[in-house]
Amino acid sequence: MRARSWTSPALAAALALLVLAVVLRAGMTRALIARVTADGPPRPVQLRVWDWWSSSTNEEYGGYFAELEATFERRNPDVDVVYQTVPFSNYVQKLSAAMVGPTPPDVFQSSIIWAESSYRRGMLRPLNDLLAADAHLPASQRVDEAAFLPPAWRHNQTVDGTVFGIPQIIDAQCLVWNLDILEEAAATDPEIRAMFSRLEDGTVDYEHIRFDAVRDWNHFRQLIGKLAVRGPDGQLERAGYVIHAHGSGADIFSPWLASNGGHYQDLAGTRALFGGRRGAETMHFLARLYWTDRVCPPFRRQLFDRELFQQGKVACVTAGTWSGKDIVRDTMGWTHFGKTAFPPGPSGSGQRSLTWGNMLVVTTRCRQVDAAWKYVRFTCSLEGNLLRSRHLGYNGPRRDFYDTEQWQRALTERPYLSNVKQICLVGEKFRHIEMEAANHQANPVFESLLLHYPDVVDGTGAYPSVEAALAGAAANVDNVYRRYNEQAASWEAARDRATAASGAVGDQASAGDPARASDPGPAER
Amino acid sequence: MPRHRLLRTLTPYLYIAPAFAVTATFGLVSMGISLWASFQHYDTYAGASGFVGLDNYRRALTGDDSYFWLAMRHTVVYVLLSVAGVLATALPLAMLCRRARYQSLFRTLYFLPSITPGVVLALVFYHIFGIWGQLLDSAWTALPALALLGVWAAAGYNMVIFLAGLTDIPRFLYDAAEVDGAGRWQQFRHVTVPMLRNTLVFVTVMTIIGSFQVFTSVYIMTSGGPERSTEVIAYTIFLNAFGVAGQMGYASALAWLLFAAIFVFVVIQMRVFRSRRVYDE
């Protein structure tokens, strides 16, 4: 008898059917396994929460989400929180697809990069009614404007006061100083020594740098010049400050612009404001640090500011206030660094920074608004802030967070946090409208100006002057804002028309069937 | 028509039906939607918000803040470098490989980059170029550096195709040429190249199409910089489609302009090759 061939059509068809059955069953099988492995009885409300903080790639995030979920579910036995990690780099694309698909998120963490446009596209639910209904709650549980530091409560609302997100973090750009280098220099230089705080007995506190350690831009140039070290051949052995030209122009430019009294854009998102005198002064200042003072390492795409800083090759870098924890981790426990805001420029006044607060939002397709709001409120409450700080080491956006014993203990254990609250408080609003499109227009110009500053100043560069280059870039960013606002207005008009139409249909239907009048139906979207 | 003849006529169509269904659903329908979107203001979530006629095309071709022509110029330079590079490496590699003792080993080694994800290659080369003198830091060297990566990644795949073409060339043609006194170079010029013409056409067309669509290396390694020197058309399309709210229509118009450019290039190339004699039919 001939042996049955593995390639016989019947067998192939059977295998194909088996594969098909497994694929079709996949969802149900997962549900079955979830039921079997569940700790308790099934929970009727499932809350889908999206985040880019990944439990699978970061143990700390894993611990944070595990405790957050366990605590929230214990207090809300009917709710099952299901986290989905979505990579930051393609968050928006996946979100756009999910929001028109069958399993949209109910709640997600939104970066300020997309929050405003997500709202204007119609993805986010306004939260004002939910905030108003919480007025009776204790202060530590409320998540209204009064609960947060003013710089945290900016990116989460429109100019007319519609709130579409609740801040769950606060971060600000700052100057991070290597205190080992400063302490060494302070031994012989009273000006460097004066950058440190004083203890009660009047001696120098080498663990803490003063918040206003740098008076102004000229003072910064002097200090950085002293901290840079050159070899016998005149080559830089240790840089004073890092300027990264390739691809990240606005990142270094914007906080210095803020300290010079300028803004990247207006609050309404209709105009770019960096093209004027303050912007030009900022660009000249940065370029001169590199080209005239020569206190920066060479422009290299592959060099990362923080890596140089951690290796002790530079005295000062620009970073976020959150960077401290990462520096400690990457240097296996080194904590002798400190943070300050940016000193004022010739047209500025006072220390400044740029601040932003990523937020939790509720989507317009959220099926369980009550559960979603409870989750947002818990996560952004004082308890949620402390939980996040305990697992992730981050400071919180709430006012009452800074009065807690936990924060005071953190300040003692990690002196580099000492100026963080003040830095956040002097923060201007980080730019927030169509950042990628604006970067596409402006960053190559910043890059060119930094890379070829001497040519531009000599009149032999790609631009007639720094001022003309910035004005041209700002005009192009204006176009980005104009197009975006036109688009957003058309989306809003379309939604208004749809709402009016569904309202008319609803009126007709409710006349015949009172039950349908209370069912929001698809128009809820 | 008799039943068996009908079945016989239908059978080939039934065989190609599944593949056609996939192509139609994920290719033709998507292309149709993108063509429609190119005449709209379109957002991936909010949907279409108005017919704009040829405005998106006009903006791409003549807009003050359009980078279409700049991106197209960079793309064409990249294509030329890639085609020249691939032909200059894949064919010699194939000829060397054919003579090599462990042919299958070399074939496998050279083919490896083709099965390695582009993201991984880009990350590896990002660091290699950094160590080798900052090729990605200068506007003059960044695009050639990306083309070098493209050639390195594509050489192995095209080598295998050339190898298959070389294997098909009858041995007696070389013997006859040798008898006629032809040296190595003359054998290559008068036997190998003409007999590989179809393979050359295939490799060139595929390299042109692939190079026009270069994206991963630009996205990972340079983000279009420094100073826009590596901004290629696929990157511009991606940025507008997924990085800017409401610009999917404009991005679709850019994509159709790219399609037109590739079409023109390929048609020109096919005509150039068709004008010659065919040896291997």
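Line by line, the protein sequences give chains A and B.
Start counting the first sequence at 1; every next residue gets the next number (our numbering).
Start counting the second sequence at 526; every next residue gets the next number (our numbering).
Note that CB positions come from ideal geometry on N, CA and C, so glycine has one too.
- Nearest Cα to A780 of chain B within the set B:L674, B:A766 and B:F727: B:A766.
- DSSP places L779 of chain B within a helical segment (H, G or I) once states are collapsed to three.
- For V716 of chain B, the closest C-alpha among the options B:I733, B:F697 and B:V730 is that of B:F697.
- Taking a beta-carbon distance threshold of 9 Å, Q310 of chain A does not count as an interface residue toward chain B.
- A680 of chain B: member of the alpha helix (DSSP H) spanning A667 to T692, first to last residue.
- In this structure, S736 of chain B keeps its C-beta atom at 9 Å or more from the C-beta atom of S639 of chain B.
- A residue is called buried when at least 16 other Cβ atoms come within 10 angstroms of its Cβ; W373 of chain A meets this threshold and is buried.
- Within 10 angstroms of the beta-carbon of G202 of chain A lie fewer than 16 other beta-carbons, which makes it exposed.
- Residues V466, E467 and L470 of the same chain have their beta carbon placed closer than 8 Å to that of A280 of chain A, with the five preceding and five following residues left out of the count.
- Contact of S629 of chain B with chain A is not assigned, every C-beta pair being separated by 9 Å or more.
- Among the residues of the stretch 91–106 of chain A, those with a Cβ less than 9 Å away from any Cβ of chain B are V92, Q93, L95, S96, A97, M99 and V100, in the order of the chain.
- Within chain B, G750, P751 and E752 have C-beta atoms less than 7 Å from the C-beta of E447 of chain A, given in sequence order.
- The beta carbon of P104 of chain A lies closer than 7 Å to those of A98, T363 and R365 in the same chain, with the five residues before and after it left out.
- Inter-residue distance for P150 of chain A and A186 of chain A is about 36 Å (C-alpha atoms, whole angstroms).
- Per the DSSP secondary-structure output, N178 of chain A pairs in a beta bridge with A:F337.
- By the CB criterion at 9 Å, Y402 of chain A and A437 of chain A fall outside the cutoff.
- According to DSSP, residue pairing for F576 of chain B in a beta bridge involves B:Q565.
- Bridge pairing for I209 of chain A: A:F196 [DSSP].
- Positions of the alpha helix (DSSP H) runs, each at least 4 residues long and wholly inside the stretch 678–765 of chain B, are given as 696–704, 709–712, 722–737 and 758–763 in order along the chain.
- Close to D693 of chain B, with beta-carbon spacing below 8 Å, lies no residue of chain A; the smallest spacing is near 29 Å.
- CA-CA distance, L673 of chain B to G610 of chain B, rounds to 8 Å.
- In terms of beta-carbon proximity, Y682 of chain B stays away from the interface with chain A, with every pair separated by 9 Å or more.
- Closest in alpha carbon position to L179 of chain A, among A:Y61, A:I209 and A:T188, is A:I209.
- Per DSSP, M359 of chain A is one residue of the beta strand (DSSP E) stretching across M359 to V362.
- Here Q406 of chain A is exposed. Its C-beta has fewer than 16 other C-beta atoms within 10 Å.
- Within the stretch 277–361 of chain A, the runs of beta strand (DSSP E) that reach at least 3 residues and sit entirely inside it are, in chain order, 314–320, 337–340 and 353–356.
- Rounded to whole angstroms, L68 of chain A and N443 of chain A show a C-alpha spacing of 39 Å.
- Its chain contains C622 and A625 as the residues whose beta carbon lies nearer than 6 Å to that of F631 of chain B, once the 5 sequence neighbours on both sides are disregarded; these appear in chain order.
- In the pairwise beta carbon analysis, the stretch 281–296 of chain A is classified as touching the stretch 227–247 of chain A: at least three pairs are separated by under 8 Å.
- Excluding its 5 nearest sequence neighbours in each direction, W356 of chain A has C-beta neighbours in its own chain below 7 Å: I112, H155, D171 and F430, listed in chain order.
- Linking Y264 of chain A to W53 of chain A through their CA atoms gives a straight-line distance of about 28 Å.
- Note on R497 of chain A: under 16 other CB atoms within 10 angstroms of its CB, so exposed under the neighbour-count rule.
- Distance from the CA atom of A562 of chain B to the CA atom of V730 of chain B, rounded to whole angstroms, is 28 Å.
- Listed in chain order, the positions of the stretch 325–359 of chain A with a beta carbon within less than 8 Å of a beta carbon of chain B would be empty, since no residue qualifies.
- Annotated three-state conformation of R238 of chain A is strand, per DSSP.
- Taking 7 Å as the cut-off between beta carbons, the residues of the stretch 477–504 of chain A near chain B are N479, Y484, Q487, S490, W491 and A494, in sequence order.
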